[in-house]
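The next block holds one structure in the form of structure tokens; read it before the comments.
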Amino acid sequence: MKYVDEFRAPDLARALAAQIAAEAQPDREFRLMEFCGGHTHAIFRYGVKDLLPANVRMIHGPGCPVCVLPITRLDMAIALARRPGVILCSYGDMLRVPGSRRQSLLKARAEGADIRMVGSTMDAIRLAEENPEREVVFFAIGFETTTPPTAVAVKAAEAKGLTNFSVFCNHVLTPAAITNILEAPEIRQMEAVEIDGFLGPAHVSVVIGSQPYDYFAEEFAKPVVIAGFEPIDVMQSILMLVRQINEGRAEVENQYTRAVTHTGNAAAKALVAEVFELRRSFEWRGLGRVPYSALRLRDRFAAFDAERRFEMAPGRAVENKACDCPKILRGAAVPTDCKLFGKQCTPQTPLGSCMVSDEGACAAYYKYGRRRAAPNRMEAAE
Amino acid sequence: MKHATFEKGVVEMGHGAGGRDMADLIRHLFVTAFDNPDLTGEEDQAILSFPAGRMAISTDAFVVSPMFFPGGDIGALAVNGTVNDVAMGGADPVALSASFILEEGLPLADLARVVGSMAQAARTAGVHIVTGDTKVVERGKGDGIFITTTGFGQVREGVSLSARNGRPGDVVLVSGTLGDHGVAVMGRREGFDFDTNIVSDCAALNGLAGALLDAVPQTRLMRDPTRGGLAAVLNEIAEASRVGIAIREDALPIRPGVAGACEILGLDPLYVANEGKLVAVVPPEQAEIALAALRAHPLGREAAIIGELRADPDHFVEMETAFGGRRMVDWIAGEQLPRIC
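Chains as they are written, first to last, in our numbering: chain A, 131 to 512; chain B, 802 to 1142.
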């Protein structure tokens, strides 16, 4: 694949690995958090960890949209889908995430709810046009990357005069979550889990630009390198972080210059600002309530807001107490520290947020890295 | 109605009711298309003379949606899928049965097209469709057409293939490019407006499997990596043979178009279905002979050696990534669904 293979080239990877090994001072640790699930996925899928020295440690952050959606919100979506006359549309990997009482959208569909997988918000608009007698609800989740398409759909529904289309909005904001992690008591007080630097989001930054990260670099004195999702991007960004840490710098650097600018996509940002406003507070699975970390539809678009249209009531869901996801998401524990990992909690039966999607830290450990997680019995056998 | 035509009209409940409509459909569509001496349409069973030896039997239901996709349709798939399951046992397929569940309202022209491609696929594979059944369900209770086929084949003498046969050191081969079928079908599914020039690899593998067994009778096992893709087959082999498997990503044959589509849809070609590929495990000293035999066949031109079996108490499947790292290739959990971002 042209323009992709270049970013997965093994010889470049080896050269970068050698440079990281040469520059990462052996007498200290480099604890780097990749915020995005896309980075977590790339690190495991391409085996990036094998190319890093032991003292460069990746901490897998909460940037997986499916993982951080609280069960209560998923329960609300499932309940909505079960209402007669409703067609609930969702992106694919939301479908099998388990809610309360072992429910999921896939199970609800098997039991008769009309739930459609869509690849684009405009598919949901088309469904609304084709089914004027039904209520079509788009189950909107994701970070700044998926928010503009939802805004486009709302504007399109308004322009087309659709009265049977609405959005169940769960869009969340990256900078608020990073602030929350850095301000968490675990991070501030416990020396042991300090994060030395951040691999900044790729696609999210295409929209919001590199500017919003200036705050962390300044306020928390942490270097941030915005990184592309290809493995060479990740390696190069790690090298850039190692250099900043060595030199005592805490700046925002942009490795992903082929897509990210300082100010981002002005048109997308304007559209989002026109359609959405900040929520005072929103619950993140694994992080708890985070102030000003999510969006809702503005009053002008209230007619398209499923929460107002259907008087949806949040349920009460309880997380498994033994689940270590809150610590794992902050880098205070690794998946194998959790008593549930690989036993009660697997990709087939996920109990915590980090196991529900390939982009979650626990699922990635389970799927790609169990050999490393378990004692390496292979060599012993050979 | 002397010559029923199937260019217009739709399937009606009467087509499955046992009366004249059903008899016409059977005689003028199925029997005419499948044309062979064992299928008369007059008996409740086919009676075949079967040579002595071991028989392989396999049955499979086909529900693919959409029923027509680039490179094939549900009919070709129903024949080839079962032929392949029989062939993977080291057997030469001889006969097939076919059972149809039709949804009321299915255009007869569509049914005729599906039946026509079944007939064509059977001819290409060299098997006869010798008996069958047709039922019609009310509109809304089916998805156009479901087909179940059962295949019978004669197992080659001296050949004993089993997923349990693999031993450390054995070599794993794949007969061609991975993921073509899954991407071709996915591209046509509702919800994805996705145009590719990828066509399904849907094909009967009995000829290719026979060529491999002719060259390497010591072949340990063969599997066709359909649902769950290469990853599922390798994990099945690892578990059944109680070994680990190590594969090399840069050895995997994957078309650029399939790799690109998977990239966009967030899929992993290792988990995407194939309908015309086989995975073979052979003793290490036979690997090059096996590779040459596969490549000499039109369906195996892009065959490759992709890895080997090794001692591993955990029975893990691992891949050396083209990037230079290592990763596990685990079973898929649930259905592979496109990622969000």
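Glycine included, every Cβ here is placed at the ideal spot set by N, Cα and C.
Legend entry - Reference A:Arg158, options A:Val372, A:Leu417 and A:Tyr343, closest by Cα: A:Val372
Inset, instruction - Spell out whether any CB of chain A is found under 8 Å from the CB atom of B:Ile1125. - result: Looking at the sequence shown, residue 1125 of chain B is not Ile but Gly. Closer than 8 Å to the CB of B:Gly1125 there is at least one CB belonging to chain A.
Legend entry - At least 3 beta-carbon pairs within less than 8 Å: the region 977 to 985 of chain B vs the region 932 to 946 of chain B: no
Legend entry - Contacting residues, own chain, Cβ-Cβ under 7 Å from A:Thr393 (five flanking each side not counted): Answer for A:Thr393: Gly339 and Gln341, listed in chain order.
Inset, instruction - Within the region 1034 to 1093 of chain B, note down every full alpha helix (DSSP H) run reaching 4 residues or more, in order along the chain. - result: 1057 to 1066
Legend entry - Neighbour-count burial assignment, A:Tyr133, 16 or more Cβ in a 10 Å radius: exposed
Inset, instruction - Using beta-carbon positions only, say whether B:Ser859 and B:Asn966 come within less than 8 Å of one another. - result: Judged by their CB atoms, B:Ser859 and B:Asn966 are not nearer to each other than the 8 Å cut-off.
Legend entry - Euclidean distance between Cα positions of B:Asp971 and A:Gly167: For B:Asp971 and A:Gly167, the gap between their C-alpha atoms comes out near 37 Å.
Inset, instruction - Assuming B:His982 contacts B:Gly1045 (C-beta within less than 8 Å), just tell me the rounded distance between them. - result: Wrong, their Cβ atoms sit about 28 Å apart, outside the cutoff.
Legend entry - Three or more C-beta pairs below 8 Å linking the region 948 to 964 of chain B and the region 884 to 900 of chain B: yes
Legend entry - A:Gly177: contacting residues in chain B (beta-carbon distance under 9 Å): Within chain B, the residues near A:Gly177 are Met1120, Glu1121, Thr1122, Phe1124, Gly1125, Gly1126, Arg1127 and Arg1128.
Legend entry - Where B:Gly876 sits in the DSSP three-state scheme: helix
Legend entry - chain A contact for B:Ala1199 (CB, 8 Å cutoff): This structure leaves residue 1199 of chain B out entirely; chain B is present only between 802 and 1142.
Inset, instruction - Mind listing the chain B neighbours of A:Met88? Cutoff is C-beta to C-beta under 8 Å, in chain order. - result: The structure shown does not extend to residue 88 of chain A, since chain A spans only 131 to 512, so no value can be given for it.
Inset, instruction - Run down chain B in chain order and give the residues with a C-beta less than 7 Å from the C-beta of A:Asp363. - result: Chain B residues near A:Asp363: none, gap ~12 Å exceeds 7 Å.
Inset, instruction - Work out the CA separation of B:Cys1003 and B:Pro1099 for me, nearest whole Å. - result: 14 Å
Inset, instruction - Measure the C-alpha to C-alpha separation of A:Val448 and B:Ile1107 and round it to an integer number of angstroms. - result: Approximately 46 Å between the Cα atoms of the pair.
Inset, instruction - Spell out a yes or no on whether the region 918 to 936 of chain B and the region 885 to 904 of chain B are touching, meaning 3 or more CB-CB pairs, one atom from each, closer than 8 Å. - result: yes
Legend entry - For B:Val931, the three-state DSSP class (helix, strand or coil): strand
Legend entry - Within the region 440 to 486 of chain A, ranges of the alpha helix (DSSP H) (whole runs, at least 4 residues): 455 to 459
Inset, instruction - Measure how close the beta-carbons of B:Met1120 and B:Arg1128 come, nearest whole angstrom, since I'm counting them as under 8 Å. - result: 6 Å
Legend entry - Amino acids of chain B, ordered along the chain, whose beta-carbon sits closer than 7 Å to that of A:Leu401: Going along chain B, no residue has its Cβ under 7 Å from A:Leu401, so there is no contact; the nearest lies around 17 Å.
Legend entry - Outcome for A:Thr479 when other beta-carbon atoms lying within 10 angstroms are tallied against a minimum of 16: exposed
Inset, instruction - Assign A:Glu321 to one of two classes, buried (16 or more other C-beta atoms within 10 Å of its C-beta) or exposed (fewer than that). - result: Bear in mind that the predicted position of A:Glu321 carries a pLDDT of just 46, short of 50, making it too unreliable to give a figure here.
Inset, instruction - Compare the Cα-Cα distances from B:Val931 to each of B:Gly943, B:Ile848, B:Gly1061 and B:Met889 and report the closest residue. - result: B:Ile848
Legend entry - Which listed residue (B:Ala1039, B:Gly917, B:Ile1038 and B:Pro1057) has its alpha carbon closest to that of B:Leu830: B:Gly917
Inset, instruction - Flag this pair as yes or no: are the beta carbons of A:Arg246 and A:Leu236 separated by less than 8 Å? - result: Contact annotation: A:Arg246 and A:Leu236 have beta-carbon atoms that are not nearer than 8 Å.
Inset, instruction - Give a yes or no on whether 8 Å exceeds the smallest Cβ distance from A:Phe269 to chain B. - result: no
Legend entry - Beta-carbon proximity check, B:Val1118 vs B:Leu1053, cutoff 8 Å: no
Inset, instruction - Consult DSSP for B:Met1023 and reduce its assignment to one of helix, strand or coil. - result: strand
Legend entry - Whether B:Pro908 touches B:Gly959 by CB criterion (8 Å): no
Legend entry - Per-residue burial, B:Asp836 [other beta carbons within 10 Å of its own, 16 or more giving buried]: Burial call: exposed.
Legend entry - Amino acids of chain B, ordered along the chain, whose beta-carbon sits closer than 9 Å to that of A:Arg144: Gly1125
Legend entry - Cross-chain neighbours of A:Asp244 in chain B, by beta carbon under 8 Å: The contacting residues do not exist; A:Asp244 stays about 13 Å from chain B at best.
Inset, instruction - Tell me whether the beta-carbon of A:Trp414 lies closer than 8 Å to the beta-carbon of A:Val198. - result: In this structure, A:Val198 lies closer than 8 Å to A:Trp414 by Cβ.
Inset, instruction - Helix, strand or coil for A:Glu321, going by three-state DSSP, please let me know. - result: For A:Glu321, the pLDDT reaches just 46, beneath the cut-off of 50, and the residue's location in the model is therefore unreliable, leaving the point undetermined.
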